[in-house]
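The block underneath contains the structure these notes are about, expressed in structure tokens.
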Amino acid sequence: MSSHRPTQQPNPLVDPPDFVSKFLAHDREDRDEIITSVQAYFLAHWDWPSPTRKAWYSKADLEDWTTLMCPAGPSERAWAFTAYVTFWFLYDDLMEIMGPEELGSSIPRIARILHGEEGLEDMTTPEFILKEICLKINTIAPGKRIFEATLVYMKAATAKQERLQSLTLGFDAYLKYRMLDAACWLTLEGAYWVQEITIPEHLKTEKIWLLQELSLFHGILINDLFSYRKEVKASSQEVQDHDKTLYNGLVILMQSYQFTLLEALEEMKKKIWDYEDEFMAVLDDVRETHKSSAEDREFIERLAVALMDVIGGNVAWSACCGRYNRL
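Counting in the working numbering, the sequence shown runs from 3 upward without gaps.
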């Protein structure tokens, strides 16, 4: 009789996805100081609904996301954008449970803060915190592009019917909508702001746009890959009248191709690796196109490093963060 035990199949609702990116993550030297400071700010000032939720936040690793994706740039900028992103992680969770009336009234108020308008009466705790962080950002350097990208994200994230419809129109339509409602451009604009990167007009080409898109498509699927287990668990625990639709690309793959969850996970990993290969191919083409200008070559390398840091940092964070992995 053989002493070998049969190989145990992974349980995709329990075991984390086995994924290795071609892009490595790098962390900031001032990571610990930034994370400790930002977390202390929110622990002290956020309107926590319960001690349980406050304890959840302290173990969710929200601040690590920004420090991993923006390993370069001044500490002051990194702190401000880390605080800004942490706010939106928390406020996005609030928007998910708001009723239509509350959601409808909150959006224009948040928009006024992002536009820098004064005179907003009866400000809530989240509104006051957002205003304070926006002021901090603008004091360092104008954050207009970050705030404009945030408004795009807010509009898409709160258009619940459009979100649900994108699940029925195929994988490409889903990706295009996720580019809007997953705060993708907010992420890039923030990474550029932290690292003081501005794309020159003559380099705003189709290929450089594609590099940015590929980095964001990659991030969307990484999010779906690693968050699915947590989303399934959260859906099973939600109250009866709350929408339990899973907004995740794995759902589309299973429905469109009759995949099992394991098959859908493998297909998604292939798509992510394809994005990585395409990114490097497009980058090689961009390098070749602009090789005659030393100034352009230098900028393209700086931009490429920033985009690869966003990719690699998001993978590293998604694989270990408490937000996705504390089931």
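Ideal Cβ positions, reconstructed from N, Cα and C, are used throughout, including at glycine.
Burial state of residue i (16 or more Cβ within 10 Å)
| i | result |
| --- | --- |
| E65 | buried |
| L229 | A small fix is needed here, since residue 229 is Ser in this sequence, not Leu. Per the 10 Å Cβ criterion, buried. |
| E278 | buried |
| H330 | Outside the shown range of the chain, which is 3 to 329, sits residue 330, and nothing can be said about it. |
| S295 | exposed |
| H117 | exposed |
| Y259 | exposed |
| D243 | Below a pLDDT of 50, predicted positions are generally treated as unreliable, and D243, at 48, falls in that range; the measurement from the model is reported next regardless. Per the 10 Å Cβ criterion, exposed. |
| H292 | buried |
| N13 | exposed |
| G314 | buried |
| R328 | exposed |
| A308 | buried |
| I99 | exposed |
| V16 | exposed |
| C287 | The displayed chain sequence assigns Asp, not Cys, to residue 287. Classification of D287: exposed, given that the 10 Å Cβ count is below 16. |
| R325 | buried |
Sub-8 Å separation of residue i and residue j beta-carbons
| i | j | result |
| --- | --- | --- |
| W195 | F83 | yes |
| L166 | T247 | yes |
| Y176 | G251 | yes |
| E191 | I148 | yes |
| I112 | T160 | no |
| I222 | I210 | no |
| R30 | A62 | no |
| L92 | I115 | no |
| L188 | Y249 | no |
N- and C-terminal bounds of the alpha helix (DSSP H) containing residue i
| i | result |
| --- | --- |
| E31 | Unbroken run through E31: none, as it is neither H nor E. |
| G106 | 102 to 116 |
| P1 | With the chain represented from 3 up to 329, any question about residue 1 goes unanswered, as that position is not in the structure. |
| C322 | 296 to 322 |
| R165 | 162 to 168 |
| G192 | 186 to 196 |
| V154 | 146 to 159 |
| L182 | 173 to 183 |
Ordered list of alpha helix (DSSP H) runs contained in the segment 210 to 290, each at least 4 residues: 251 to 259
Let me know the alpha helix (DSSP H) ranges lying completely inside the segment 52 to 83, each 4 residues or longer, listed in chain order. 53 to 60, 64 to 71
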